[in-house]
Each structure stands twice: as structure tokens, then as C-alpha cells.
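Working notes, structure below.
In the numbering used here, the protein residues as written are 1 to 277.
What follows is the structure, encoded as C-alpha cells:
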């Protein structure tokens, strides 16, 4: 199962109803064209909920899901967090149609979550490349095959994340993150149409523009890794996380610009917490 429920929590939400976790089953995760969002919850506050919801509704519209309403999703998240408050955990919002009945399902539940340690935030993490690409990267729809391959590498290897390399040898994004490179103090990331537009990725782009940091939208070819001075990944769980090694290539020193972006991002998270309620 790619997205199991966190068994340490008490409740989940199914079509607006709060149910005890004992009633959660793998059957609830089976359906056609599953769209989803994974939202970081900190002190019972969903971080960047407006942005996540906007992307969720875009995915729904792209697949012709016209019955789902943003207000319904927000209300369900609120009642779940009221019934099951958490200090820090990821929440998965899922919408799909059942295989046989074609009935719509809105499922919201907590998933096992791992956040970077302070050591990883300072020293960086190791990542590996994988020749793979998403069929439609602009829609957040479940890709079980890709997720299974990435999970196997992450489970059996020593890396934190897998970077996807397309048929042209270009690095586009991570299996569950976006990726940025630093060359001559310039921030480089793949064009929007080639990646899933991560919420954290967009925050980083906003930070770069606000702080007059040079940013260029282009793909880095896997053969160019040796030319970079730094790299970091972004995502719901990692936030802004430096990379210390890509495959066998060590990135000996993490550029200060990465720490600068990470600090600005955490300020955004803190502001989001203050504004929620």
C-alpha cells in the first residue's frame, strides 16, 4: 500500500463523517483516477491549505470531477483536526470514484510522516537518480507503479529521495519532491509544464523573486551534475532540504543561498500558523 493510514492516530474522515480508525480498510484506497493532496499539519494547523486546495480542485476539474466542492474539503479537514488534534503530521486528502459503483469518495486521513532531522537540514541528504517520468506531471493523480519503484529504492538504499530523469537525460523532479540546483549562485529548476507544481516549490520561487535571487527555469541534464555548486529538494515533508550527494557525486559544501531560502521558507510556515483559525 503506497499511502497507509497512520495507526497511531484515532480517526479519519469519510465523506464528511468522522470514523474511528478501526474502520479504516485498504478497500477505501482503491478506485479510478485517484487525485490527492498531502498537507503538512503543524500544531493542528494545515500549512498552506489555500494553495493545496487550489491545486486539488485543479486536478479534480482536469479529470471531470464536478461534484466535489472546496468548502466540503475544508469542512472535513476542520472536523477531523478538531476530533484528532496533532502536533505535526501529514494529512492525505483523497478523492476518486469506486471501480464498480462509480460512487464518489472523499477520504481524509493521517499518514506516517517523516521530517528531516536537524543534522539533515544542516549537512544535507543523499539522493539517487532514476530513469522515469510522469505521464501527466501537472495533475496530482496517483501513480502506483512509479511510487512502488521509488519506495523500493528508498527502502533498500541509503538515499533520502529519488530524482526522475526523462528520456532526454534531463532531471525533472523528485518522486515526491521538486528539485533545485545552484550554479554560479543562480537557482535553477525545471519549467512548470514538466513538473508537478509543488506548493513548497512555488514558495521557493516567490522567495527568490522577493529577495532578488536569480532563478532560471530549465532542466539540468544528468551529465551536468558535476557542474553544480549545490542542490536542494522541496516538498511537504522535507520543506527546503539541502542535498549533499547525488548518486556517486559528493557536494562537499552547501552554498549559503540554500540556508537563506530555507530560513525564509520557515518564516512563511510560522506566518501560516498564526493566520489559521
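Every residue, glycine too, gets a C-beta built ideally from N, C-alpha and C. It should be emphasised that the depicted structure is a prediction, and the values quoted were computed from it without experimental measurement.
Practice problem: In the DSSP assignment, find the beta strand (DSSP E) that holds residue 88 and state where it starts and stops. | Solution: Here the question's residue 88 lines up with position 88 in the chain shown. 88-97 is the extent of the beta strand (DSSP E) around residue 88.
Practice problem: Could you pull out every residue in the same chain whose Cβ sits closer than 7 Å to the Cβ of residue 79, ignoring the five residues on either side in sequence? | Solution: Working through the chain shown from its first residue, we reach residue 79 at position 79. Cβ neighbours of residue 79 beyond the five flanking positions: 13 and 18.
Quiz prompt | Limits of the unbroken alpha helix (DSSP H) element including residue 244 | solution = Along the chain shown, one-based indexing puts residue 244 at 244. Per DSSP, residue 244 belongs to no alpha helix (DSSP H); it is in the beta strand (DSSP E), 239-246.
Practice problem: Kindly indicate the opening and closing residues of the beta strand (DSSP E) around residue 219. | Solution: Locating residue 219 in the chain shown gives position 219, where the first residue counts as 1. First-last for residue 219: undefined, no H or E at that position.
Quiz item: For residue 203 versus residue 265, is the C-beta spacing smaller than 8 Å?
Solution: Within the chain shown, residue 203 is the residue found at index 203, counting from 1. Within the chain shown, residue 265 is the residue found at index 265, counting from 1. In this structure, residue 265 lies closer than 8 Å to residue 203 by Cβ.
Quiz item: Assuming residue 94 contacts residue 276 under a Cβ cut-off of 8 Å, what Cβ separation, rounded to an integer in Å, is found between them?
Solution: Within the chain shown, the letter at position 94 stands for residue 94. Within the chain shown, the letter at position 276 stands for residue 276. Residue 94 to residue 276, Cβ: 22 Å. No contact.
Quiz item: Is the stretch 172-186 touching the stretch 246-259, taking contact as three or more C-beta pairs under 8 Å?
Solution: Counting Cβ pairs under 8 Å, three or more are found: they touch.
Exercise. Can you give me the start and stop residues for the alpha helix (DSSP H) that residue 207 sits inside?
Key: On the chain shown, residue 207 is found 207 positions in, with the first residue counted as 1. Start and end: 199-210.
Exercise. Can you give me the Cβ contacts of residue 52 inside the same chain, cut-off strictly under 7 Å, excluding the 5 residues immediately before and after it?
Key: Here residue 52 corresponds to residue number 52 of the chain shown, with the count starting at 1. Only 37, 39 and 199 meet the Cβ criterion.
Quiz item: How many whole angstroms separate the CB atoms of residue 84 and residue 23, which I take to be in contact at a CB cut-off of 8 Å?
Solution: As a first step, residue 84 is located in the chain shown; it is residue number 84 there, counting from the start. As a first step, residue 23 is located in the chain shown; it is residue number 23 there, counting from the start. Between residue 23 and residue 84 the Cβ distance is about 14 Å, and since that is not below 8 Å, they are no contact.
Practice problem: Could you please give the first and the last residue of the uninterrupted beta strand (DSSP E) stretch that includes residue 36? | Solution: The residue given as residue 36 occupies position 36 in the chain shown. Run containing residue 36: 32-42, per the beta strand (DSSP E) assignment.
Quiz prompt | Where the beta strand (DSSP E) through residue 235 begins and ends | solution = One-based indexing of the chain shown puts residue 235 at position 235. Counting along the chain, the beta strand (DSSP E) containing residue 235 begins and ends at 230-235.
Exercise. Can you give me the start and stop residues for the alpha helix (DSSP H) that residue 263 sits inside?
Key: For the purposes of this step, residue 263 is taken as residue 263 along the chain shown, with counting starting at 1. Looking at the DSSP string, the run of the alpha helix (DSSP H) that includes residue 263 is 256-275.
Practice problem: Kindly indicate which three-state DSSP category residue 283 falls into: helix, strand or coil? | Solution: No answer is possible for residue 283: the residues shown for the chain start at 1 and end at 277.
Quiz prompt | Start-end ranges of the beta strand (DSSP E) lying completely within the stretch 97-133, minimum 3 residues | solution = Within the stretch 97-133, the complete beta strand (DSSP E) segments of 3 residues or longer fall at 104-111 and 125-131, listed in chain order.
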